[in-house]
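All remarks here apply to the structure that follows.
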Amino acid sequence: MTSMRAILLAATVAALAVPAALAASPADIAKAVDPAVVQMVTGGNWEDGGKKGYYRAVMIAPATSASGAEVYLQWFQSAKDQTTPTLVLEVPIKEVNDLKLTDATLSMETLKANEFILYVEPNDPSKDTQQGFSVTATSPGKYTAVAGALPE
């Protein structure tokens, strides 16, 4: 497991470790998020094979100055009894991560069920590209990335 994936896994576990019956305060939950998690957006809903849930995108800070920030898509299954959701799947967004950006802005929109649109806008003056991406996630593990497609 790479260090980025280990950090992401630790952040996810930390954020979801408290059972609903023993819910921590919002301040305690915020303190539990790993400092390497620099941005996170959550929204939308998906349904696939009888499972239902929501989407999340997480950006992890660069481990070194030579590496770039990494962005991951996550699919969470909502618990039927309103307890802690379960991480169903997590995938790196290769098209974005390959740019090795030092910083970017994440934003999202959901226009319909079974679709989560993530916008990744680079904030990296040291790179030749300022090209953003529109990443559309659908069922768990499936996404498409389109270069240059950002909201106006």
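Numbering (this note's numbering), first residue to last: 1262 to 1413.
All C-beta atoms, glycine included, are put in the ideal place defined by N, C-alpha and C.
Enclosing beta strand (DSSP E) for residue i [first to last residue]
i: E1331; result: E1331 to Q1338
i: K1312; result: K1312 to I1321
i: P1383; result: F1377 to P1383
i: P1353; result: T1347 to P1353
i: A1408; result: Y1404 to A1408
As assigned by DSSP and simplified to three states, the class of residue i
i: N1358; result: helix
i: S1395; result: strand
i: L1367; result: strand
i: S1400; result: coil
C-beta atoms of residue i and residue j nearer than 8 Å
i: G1402; j: V1352; result: yes
i: I1438; j: L1334; result: The requested residue 1438 is not part of the displayed model; the chain covers only 1262 to 1413.
i: Y1315; j: T1325; result: no
i: A1330; j: L1362; result: yes
i: E1376; j: T1397; result: yes
i: N1306; j: K1312; result: no
i: L1360; j: L1379; result: no
Contact with chain B by residue i, beta-carbon distance below 8 Å
i: K1355; result: Structure shown: chain B not included; a single protein chain is present.
Opposing strand residues paired with residue i [DSSP bridges]
i: S1328; result: Paired residues: none, contrary to the question.
i: I1290; result: According to DSSP, I1290 bridges with nothing at all.
Residue i: first and last residue of the uninterrupted alpha helix (DSSP H) it sits in
i: D1309; result: Looking at the DSSP string, D1309 is not in any alpha helix (DSSP H); the run it does join, the beta strand (DSSP E), is V1298 to D1309.
Supposed contact pair residue j and residue i - C-beta distance, whole angstroms, cut 8 Å
i: A1318; j: M1369; result: 7 Å
i: A1408; j: Q1392; result: 5 Å
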